[in-house]
Amino acid sequence: MIIIKSPAELDAMREANRVVARVLAEVVAAVKPGATTAQLDAMAEEMCRAMGAVPGFKGYHGYPYSLCCSPNEQVVHGFPSDDPLQEGDILSMDFGAVLEGFNGDAATTVAVGQISDEASRLMQATEAALVAGIEHCRPGRRLGDLSAAVQKVAEGAGFSVVRQFVGHGIGRDLHEEPQVPNFGSPGRGVELKPGMVLAIEPMVNAGGAEVEILADGWTAVTADGKLSAHFEHTVAVTDDGPRILSLP
Ligand code: MF3
Ligand code: CO
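Now the structure itself:
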């Protein structure tokens, strides 16, 4: 069952997602060669709590940290570490927060110093795929319209879309119905209605779509070791069109 949110609930979700966006902006600004992702995780948790919210991922199905940090060939759910970031890395960061019982969820991928042209194109295509998906968050569109739009942009740039992980409905639970795949067919799937809230999160690989999970049980990496990027926004379907909740 897809849970429809009232206008007041959407405003509450906006506040939870505002926390997420502000935390992400702060950790993005701290990314540089020599910084560690463990430092970024500590910053994120502290800032989140200072804003009166609770980190949404820590303890979720046993995930041990607040900020998912997934450099280079890591796709999602990477663990923060004490290894310093290096010039040329790309780093995906995913953050969730709970405020007044509602979840926020967003992710971004950033460059560490100067990066390769391919890495830069991968990041741009992944963010453009997210934007293309968001555009379909309108009453009367179908989920397949959104999924197909994401896929078209990512594959049109010569990259591949991860299938093993998908976006999701979001609200009082981090993961609600429906699943939001980053691949699909126009005209298929459920019809979008005002008050639906979707976390749209394309994961796009420079090489093949296949991913593997490391021995820690969480970290997803590309099977071929090539780069991966991840961008995510929490977006409400409204009569006025898409409302991106996870902006600062
Ligand atoms: N944005 C991711 C998701 O929706 C982050 C979840 S990390 C987890 O699945 F640790 F909470 F699972
Ligand atoms: Co998510």
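In the numbering used here, the protein residues as written are 1 to 248.
Backbone N, C-alpha and C fix where the C-beta goes; we use that ideal spot for every residue, glycine too.
Bear in mind the structure is a predicted one, so any value in this text is a computation, not a measurement.
task: Look at the alpha carbon of Lys226 and the alpha carbon of Cys48, and state the distance between them as a whole number of angstroms.
output: One alpha carbon belongs to Lys226, the other to Cys48, and they sit about 32 Å apart.
message: Going residue by residue through the stretch 154–219, where are the continuous beta strand (DSSP E) segments of at least 3 residues, counting only ones entirely within it?
response: If we require 3 residues or more, the beta strand (DSSP E) runs fully inside the stretch 154–219 come out as 167–169, 176–180, 197–200, 203–205, 211–213.
query: Roughly how many whole angstroms lie between the Cα atoms of Glu45 and Pro55?
result: Taking the straight line joining both Cα atoms gives about 6 Å.
Continuous beta strand (DSSP E) assignments of at least 3 residues falling wholly in the stretch 86–158: Annotation: the stretch 86–158 contains the following complete segments of the beta strand (DSSP E) (minimum length 3 residues), in chain order: 90–99, 102–111.
field: Backbone CA spacing between Lys58 and Val180 [nearest angstrom]
entry: So the two alpha carbons sit approximately 23 Å from each other.
query: Within 10 angstroms of its Cβ, does Asp105 collect 16 or more other Cβ (buried), or is it exposed?
result: Taking all protein chains shown into account, Asp105 has 16 or more neighbouring C-beta atoms within 10 Å of its C-beta and is therefore buried.
task: Assuming Leu10 and Ala236 form a contact by the criterion Cβ under 8 Å, report the distance between their Cβ atoms to the nearest whole angstrom.
output: Between Leu10 and Ala236, the beta carbon gap of about 5 Å places them in contact (Cβ cut-off 8 Å).
query: Closer than 8 Å: is that where the CB of Ala199 sits relative to any heavy atom of ligand 1?
result: At a threshold of 8 Å, Ala199 counts as near ligand 1, since its beta carbon sits closer than that to one of the ligand's heavy atoms.
field: Identity of the residue in Asp117, Val221, Ala206 nearest Gln164 by Cα
entry: Residue Val221 is the option with its Cα nearest to Gln164.
- prompt: Does DSSP classify Gly62 as helix, strand or coil?
  reply: Helix.
query: What separation, rounded to the nearest whole angstrom, lies between the Cα atoms of Val27 and Gly144?
result: Cα-Cα distance, rounded: 33 Å.
- request: Can you say whether Gly78 is buried or exposed, counting buried as having 16 or more other CB atoms within 10 angstroms of its CB?
  value: So Gly78 ends up on the buried side.
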